[in-house]
Amino acid sequence: MYALKCSPIHAPLLLTPKLQLYLFSSIGYLATRVLGPAASCHGQYCKDIFVRAQFDYDPLEDDLIPCAQAGISFKVGDILQIINKEDHNWWQARRDCSGGSAGLIPSPELQEWRAACSAVEKSKHEQERGTGPGCTSHTDGCDSSTVNCSIFGRKKKQYKDKYLAKHNAVFDQLDLVTYEEVVKLPTFPRRTLVLLGAHGVGRRHIKNTLIAKHPDQYAYPIPHTTRPPRPDEENGRNYYFVSHDEMMTDIAANEYLEYGTHEDAMYGTKLETIRKIHQEGRVAILDVEPQALKVLRTREFAPYVVFIAAPLLHNMADYDGSLERLAKESDLLRQAYGHLFDLTIVNNDIEETIGALERAIERVHSTPQWIPVAWVY
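The opening residue of the sequence shown carries number 1 in UniProt numbering; numbering runs sequentially from there.
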């Protein structure tokens, strides 16, 4: 164990006196239990637990950590080895079995609580300005007390129960992300290639090029539609033609990955068409909306998620502002879903992007990978 010298926290002190007292009283307990590089994992320690971080963290900017020097920083996508999670609020971890010293990271519950309270405060301020949506909670207003945002000043048992506030509507509306447990495998076949990106960034061209170059390796699931076939169209070639009632029945049975309406006709991608491609031994390529990942990120579909980012604005002229709009949409997607990306490629040149993607997929098939535990066990 290491003896740590903890300086006062210099982050903005937005804490109540009770909260500050609670946090600083914890410094001695937590700091003296941080493990050194040679520490073994046994008893309460978690030798073989690895997680992928789904948020950025810097202990020097955290006004809740008992000792900033005892924390470790990380970025979205970093792999952390969990050494000890005995404390309810602060886990001990090190980066990817590096052999370095363990440090403190916020527990999932603490991070979820923090994110939820931040959202409550944002909602409250929007309500005060009259710019936010209506707030449904246990009270008429968006009061942070409805989600126990001052819980630190209460008894420890109540603090441990703080996430019971998830029943509040504000919590229910959040898609809270913290860590995803992963395992490292020598190889793991990816069955689906998911291309995410802003509309107009070039995903369709990339998809069509890959299928044309490697027809034995890739295929695109044929969509279903309720529009009538044209004279030159054959069912099952470009589209599967179904009745409106049939499509609505299948949607109600959760048989569609996604669907929508265009010119009074419905279009959708049925899950069975993706499974058919897998049965043929090929990889299904999808250019879908990011919400579809909630269905796809499973062992069955085993996706490799590639984000095609908008080109850098300084590389080209933007006469009508379309590139700026593309860049803004791209940034919003990255902020909201970046923790789900396996790879990000900036599409400054479409042919270079396709080449980079092909090389990345080759590496995936030949090098060890960190895979969500849920896909394996």
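Built from N, CA and C at the ideal position, the CB exists for glycine as well.
Does the beta-carbon distance from residue i to residue j come in below 8 Å?
i	j	result
L257	A292	yes
V295	R190	no
I350	H205	yes
G236	I222	yes
M248	H224	no
V182	P372	yes
V346	P303	no
W375	R299	yes
G285	T353	In the sequence on display, residue 285 carries Ile and not Gly. Not in contact: I285 and T353 (Cβ atoms no closer than 8 Å).
A70	G103	yes
A360	L340	no
I79	D58	no
R230	A265	no
Q54	F188	no
V51	I72	no
L185	V305	no
Classify residue i as helix, strand or coil using the three-state DSSP reduction.
i	result
G355	helix
R52	strand
H339	helix
N208	helix
P59	helix
Q279	helix
I72	coil
T225	strand
V376	coil
R363	helix
D320	coil
E300	coil
H88	coil
L176	coil
R325	helix
I274	helix
H214	coil
L64	coil
A38	Because the pLDDT at A38 is just 39, under 50, the model does not fix this residue reliably, and the value given afterwards should be weighed accordingly. Coil, per DSSP.
R334	helix
R230	coil
Taking all protein chains shown into account, do 16 or more other C-beta atoms lie within 10 angstroms of the C-beta of residue i, making it buried, or fewer, making it exposed?
i	result
S366	exposed
T261	exposed
K213	exposed
N84	buried
L14	With a pLDDT of only 44 at L14, under 50, the local geometry of the prediction cannot be trusted, and the value read off the model is given with reservation. It is exposed - the Cβ of L14 has fewer than 16 other Cβ atoms within 10 Å.
R94	buried
Y377	exposed
K124	buried
E112	buried
A219	buried
L64	buried
R203	buried
N89	buried
D287	buried
A253	exposed
K270	buried
S243	exposed
G355	exposed
Starting from residue i, trace the beta strand (DSSP E) both ways and give me its first and last residue.
i	result
E181	Y179 to L185
H262	Y256 to H262
A265	A265 to K270
V305	P303 to A309
P372	Q369 to P372
Along the alpha helix (DSSP H) that carries residue i, what are the first and last residues, could you check?
i	result
K124	P108 to R129
V201	Careful: V201 lies outside any alpha helix (DSSP H) and carries neither H nor E.
I251	H244 to A252
L296	L293 to L296
Which partner residues of residue i appear in the DSSP bridge assignment?
i	result
I285	L193
A93	I82 and G103
Y239	N235
V346	A309
Y220	According to DSSP, Y220 bridges with nothing at all.
For chain D, find out if any of its Cβ atoms is closer than 8 Å to the Cβ of residue i; answer yes or no.
i	result
G321	In the displayed structure, chain D is absent; only one protein chain is listed.
What do you reckon, is the C-beta of residue i under 7 Å from a heavy atom of the ligand ATP?
i	result
R190	In terms of ligand content, the structure shown is empty, and the ligand ATP therefore cannot be addressed.
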